[in-house]
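Add 5 to a position in the sequence shown, counting from 1, and you land on the number used in the working numbering.
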Amino acid sequence: MEAVWEYQLSAKKWVRYDSSISKLLTEEAGKNSKTFETVIDGCSVVFDFEELKQKTVNTKFLKPFRCAILNHDNDYVLWEFKKGPRFVSFPPSTAIELEQLHEQVNVTSVTFKGAKATVSFESKKIMYGDEEENETKIRRVISEAEPSSSGQPVLPNDTQSTTRATKRKDEIVRPRDEEVENKKLKLDEALKTAKKSNDLFADVDEYCPGKDSKQVYIEKQDVYSVMLNQTNIAQNNNKYFLCQLLESKVSSNAYYVFFRWGRVGLKGQNNLVSCGDDLEKAKKVFCNKFFDKTNNEFSTRKKFIKVKGKYDLIEMDYSKSKVDSPEPKSEDAEAPVDSKLHQQVQDLLKLIFDVKKMEEIAKGFDYDTRRAPLGKLTKGQIYAGYEALKKIEDCIIVEKYGSEFKDAVDEYYTRIPHYFGMRPPTPITTLDELKQELELLEFLSDIEAAVASLNVEVKSKETLHPLDKKYAQLKCDLEPIPRDHDRFNLVETYLMKTHTHAHNGFTMKLKNVYEVRKHGEDEKFKAEIGNRRLLWHGSRITNWHGILSSGLRIAPKEAPMTGYMFGKGVYFADASSKSANYCFARNGETGILVLSEVALGAMNQLIRADYNANKLPAGKSSTMGVGRYAPNHQQYITIDDDVVVPCGDIIEQDDTNERKDLMFNEYIVYDTNQIKLRYLVEVEFN
Numbered sequence: 006m007e008a009v010w011e012y013q014l015s016a017k018k019w020v021r022y023d024s025s026i027s028k029l030l031t032e033e034a035g036k037n038s039k040t041f042e043t044v045i046d047g048c049s050v051v052f053d054f055e056e057l058k059q060k061t062v063n064t065k066f067l068k069p070f071r072c073a074i075l076n077h078d079n080d081y082v083l084w085e086f087k088k089g090p091r092f093v094s095f096p097p098s099t100a101i102e103l104e105q106l107h108e109q110v111n112v113t114s115v116t117f118k119g120a121k122a123t124v125s126f127e128s129k130k131i132m133y134g135d136e137e138e139n140e141t142k143i144r145r146v147i148s149e150a151e152p153s154s155s156g157q158p159v160l161p162n163d164t165q166s167t168t169r170a171t172k173r174k175d176e177i178v179r180p181r182d183e184e185v186e187n188k189k190l191k192l193d194e195a196l197k198t199a200k201k202s203n204d205l206f207a208d209v210d211e212y213c214p215g216k217d218s219k220q221v222y223i224e225k226q227d228v229y230s231v232m233l234n235q236t237n238i239a240q241n242n243n244k245y246f247l248c249q250l251l252e253s254k255v256s257s258n259a260y261y262v263f264f265r266w267g268r269v270g271l272k273g274q275n276n277l278v279s280c281g282d283d284l285e286k287a288k289k290v291f292c293n294k295f296f297d298k299t300n301n302e303f304s305t306r307k308k309f310i311k312v313k314g315k316y317d318l319i320e321m322d323y324s325k326s327k328v329d330s331p332e333p334k335s336e337d338a339e340a341p342v343d344s345k346l347h348q349q350v351q352d353l354l355k356l357i358f359d360v361k362k363m364e365e366i367a368k369g370f371d372y373d374t375r376r377a378p379l380g381k382l383t384k385g386q387i388y389a390g391y392e393a394l395k396k397i398e399d400c401i402i403v404e405k406y407g408s409e410f411k412d413a414v415d416e417y418y419t420r421i422p423h424y425f426g427m428r429p430p431t432p433i434t435t436l437d438e439l440k441q442e443l444e445l446l447e448f449l450s451d452i453e454a455a456v457a458s459l460n461v462e463v464k465s466k467e468t469l470h471p472l473d474k475k476y477a478q479l480k481c482d483l484e485p486i487p488r489d490h491d492r493f494n495l496v497e498t499y500l501m502k503t504h505t506h507a508h509n510g511f512t513m514k515l516k517n518v519y520e521v522r523k524h525g526e527d528e529k530f531k532a533e534i535g536n537r538r539l540l541w542h543g544s545r546i547t548n549w550h551g552i553l554s555s556g557l558r559i560a561p562k563e564a565p566m567t568g569y570m571f572g573k574g575v576y577f578a579d580a581s582s583k584s585a586n587y588c589f590a591r592n593g594e595t596g597i598l599v600l601s602e603v604a605l606g607a608m609n610q611l612i613r614a615d616y617n618a619n620k621l622p623a624g625k626s627s628t629m630g631v632g633r634y635a636p637n638h639q640q641y642i643t644i645d646d647d648v649v650v651p652c653g654d655i656i657e658q659d660d661t662n663e664r665k666d667l668m669f670n671e672y673i674v675y676d677t678n679q680i681k682l683r684y685l686v687e688v689e690f691n
């Protein structure tokens, strides 16, 4: 930590001294000097440490100054005590001590006015004097001072023989008519260039004073709202910084910059800076703060580079269609027309696009949905999370947990915000912990795909019910199969017969079956590969909107290999209960599985894990992880032009004496064009 000194340039503007002056002031303060004289820009200047005033010798012109602390989080912090009607800063040594201790203890002792004093962080007071009979308030605030380049501690007119009375008189003289006209022209020009896109939107922060009368300023494609994040495991830091440029909705040409910062999950502190009708000033305050926190320019944020020790930018999609809650609160109540969908399909859509359920699952992973709402996280942000996990995996495998590992963990939590309360972030030192974070990113990927489907324009000559519009955006036909239909009975037989003895902790009851026709899948499906089988795949209920809209997908190249026993691909099973485990349904809840027609072709059969199995031998089209138990081959049936349904009873296999790692068969394909969704299966778990 270091002391950084600031001076007051105008009523609402503080500016930092350059480093050479700050260093001199810190040295003199450390000597307990009452005054200190130096030369700045050719002028003799005296600093009064008791009154905290800077005086230009020849003009007697005074400026307040103060001491801030640049802490480990790169924040400029002011520690101040109340002196009469105003707050003044503590000397550097005391301020540094307070900054180091304020999160560790409730009470501490410091040196104050040459004697020992007691500080209570809880009551925000300092007690001093004989037997500590005197007390005064203290406060900790984040400095909003601008960089040293924003002003001069000794202005040119400070060197003239200007009295204070003359100075005050000069400050209230009205600008000349031409200056007024110039200001008006600049404002008009700013308003002309501030064409807002109707396609972009950002919510004003819920803690902003008077938020209902303000809106986030948007200029062309620039949304002046950013959420920054920084995690540091070693120091138990997990914090955010929000910055928004706002304009009034009720009065023209009124601008503000709103800041809120603190530990994740807490309201933290906030500050609303009024910029009057000066849009350029508001932009400058916003952009300076963005640079101060990230070391990146706001204007080039699309090429953002994370700087160690600085905040990272959380990528958000501000498209109007990407709202925080992608689902209307009550579709039926808001619908101007009745839905034309079958009631079962309506119920299914409500089930798979339950935002409350999505947020509940996300919070189960400690994901922070407040700072990074599910509807706004971008694919780029998720891929950045995968890249960080890959670095963590590399360190775990070679058991290196030094600075490289810690930086990777910090990077991951900074990119993918988590809420841990006051407890330290999970260090991710095991492959099991890594796998859990991978599951989170897979979940977020499906949510991103689901929300992306809502951006698809639906052309219709008539008004659509919200559910009908959602259905059209899926680009997937869902046809309920009657319970007395042969195909319903086949699915039920396959479900029940392949529920294995090893998964006896739950039962499944078939509720509904839907025939699925994903648009474009028939044309892409590589049926010619042969060896087509109807196989199970299970996933969380909240993932199915994304799966139905985008199909089953393979983990991106950025993802680590952990969790993919036979390499990155799409995994299937011929035992229903094996796939059902991935539904993560609780007692009495509904889960969804899909039966896909999978073109396996010639299979590379393996009896133990191979994380590089996706690099198939010549002539092979898929991998089969051979299990000790499998459906009875003699009970297989064939449907629809040679599609095999392995719906036999689960029996032990005795075709080899070699020990197998798997209990049940797994089938993996590495090309999604070998998959065709056939039946969506709705199951009640108990």
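Here a beta-carbon is modelled for each residue, glycine too, at the ideal position from N, C-alpha and C. All figures in this text were calculated on a predicted structure; none of them were measured in a lab.
Start and end of the alpha helix (DSSP H) containing residue i?
{"i": "Y388", "result": "K384 to I402"}
{"i": "N293", "result": "L284 to T299"}
{"i": "P97", "result": "P97 to L106"}
{"i": "T498", "result": "D491 to K502"}
{"i": "T141", "result": "Not the alpha helix (DSSP H): T141 falls in the beta strand (DSSP E), residues N139 to I147."}
{"i": "A585", "result": "S581 to A585"}
{"i": "V456", "result": "L436 to S458"}
{"i": "I552", "result": "W549 to S555"}
{"i": "A367", "result": "V360 to G369"}
Going by Cα to Cα distance, which pick from the options is closest to residue i?
{"i": "H542", "options": "Y576, T628 and D527", "result": "Y576"}
{"i": "D381", "options": "Y323, E404 and I387", "result": "Contrary to the premise, residue 381 reads as Lys rather than Asp in this sequence. For K381, the nearest C-alpha among the options comes from Y323."}
{"i": "L205", "options": "M321, N258 and S128", "result": "M321"}
{"i": "E33", "options": "C72, V112 and F66", "result": "C72"}
{"i": "T299", "options": "K286, V290, E285 and G314", "result": "G314"}
{"i": "G215", "options": "S128, S253 and R488", "result": "S253"}
{"i": "S458", "options": "Q441, E438 and C481", "result": "C481"}
{"i": "K219", "options": "V255, M232 and I397", "result": "V255"}
{"i": "D646", "options": "I612, P90, A532 and M513", "result": "A532"}
{"i": "D80", "options": "D373, F54, T123 and Y245", "result": "Y245"}
{"i": "G525", "options": "L553, T498, N586 and L57", "result": "L553"}
{"i": "K272", "options": "R375, K289, D317 and V360", "result": "R375"}
{"i": "V631", "options": "L611, I26 and P487", "result": "L611"}
{"i": "K625", "options": "H504, Y634 and Q679", "result": "Q679"}
Please list the terminal residues of the continuous beta strand (DSSP E) segment that includes residue i.
{"i": "V350", "result": "Not the beta strand (DSSP E): V350 falls in the alpha helix (DSSP H), residues Q348 to I357."}
{"i": "G75", "result": "A small correction: the amino acid at residue 75 is Leu; Gly does not occupy that position in the sequence shown. Where L75 is concerned, the enclosing beta strand (DSSP E) stretches over F66 to L75."}
{"i": "E484", "result": "C481 to P485"}
{"i": "T419", "result": "No beta strand (DSSP E) contains T419, which is instead part of the alpha helix (DSSP H) from S408 to R420."}
{"i": "E42", "result": "T40 to I45"}
Nearest-angstrom Cα distance between residue i and residue j?
{"i": "N76", "j": "A150", "result": "15 Å"}
{"i": "V649", "j": "V414", "result": "46 Å"}
{"i": "A507", "j": "Q109", "result": "50 Å"}
{"i": "H107", "j": "D227", "result": "38 Å"}
{"i": "R144", "j": "N301", "result": "30 Å"}
{"i": "Y675", "j": "N619", "result": "6 Å"}
{"i": "L354", "j": "L685", "result": "12 Å"}
{"i": "A338", "j": "E687", "result": "Note that A338 scores a pLDDT of 49, beneath 50, so its modelled location is shaky; the value from the coordinates is reported in the next line. Roughly 26 Å separates the two Cα atoms."}
{"i": "D489", "j": "Q348", "result": "18 Å"}
{"i": "A564", "j": "E442", "result": "11 Å"}
{"i": "A614", "j": "L621", "result": "14 Å"}
{"i": "A100", "j": "P429", "result": "26 Å"}
{"i": "Y229", "j": "Y222", "result": "6 Å"}
{"i": "M132", "j": "F95", "result": "14 Å"}
Got a sec? Which residues, its chain only, sit under 7 Å from residue i by beta carbon, not counting five neighbours each side?
{"i": "Q351", "result": "S344 and L472"}
{"i": "E438", "result": "T431"}
Starting from the C-beta of residue i, find all residues in its chain whose C-beta is less than 6 Å away, skip the five residues before and the five after it, and write them out in chain order.
{"i": "N536", "result": "L605 and G606"}
{"i": "I421", "result": "G390"}
{"i": "W19", "result": "E11, Q13 and A150"}
{"i": "K440", "result": "T567 and G568"}
{"i": "Q386", "result": "E320"}
{"i": "S24", "result": "none"}
{"i": "V342", "result": "T468 and H470"}
CB-CB under 8 Å to residue i, same chain, minus the five flanking residues each way: which ones, in chain order?
{"i": "Y641", "result": "V649, V650, P651, C652 and G653"}
{"i": "D713", "result": "Outside the shown range of the chain, which is 6 to 691, sits residue 713, and nothing can be said about it."}
- Contact between the segment 474-483 and the segment 654-673: three or more CB pairs below 8 Å? The segment 654-673 and the segment 474-483 do not touch, with fewer than three beta-carbon pairs separated by less than 8 Å.
- Message: Could you check whether the segment 446-461 touches the segment 263-271, counting it as contact only if at least three pairs of C-beta atoms, one from each stretch, sit closer than 8 Å?
- Response: They do not touch, by the three-pair rule.
- the segment 585-599 in contact with the segment 566-575 per 3-pair CB rule at 8 Å: In this structure the segment 585-599 does not lie against the segment 566-575, because fewer than three pairs of beta carbons, one per stretch, are closer than 8 Å.
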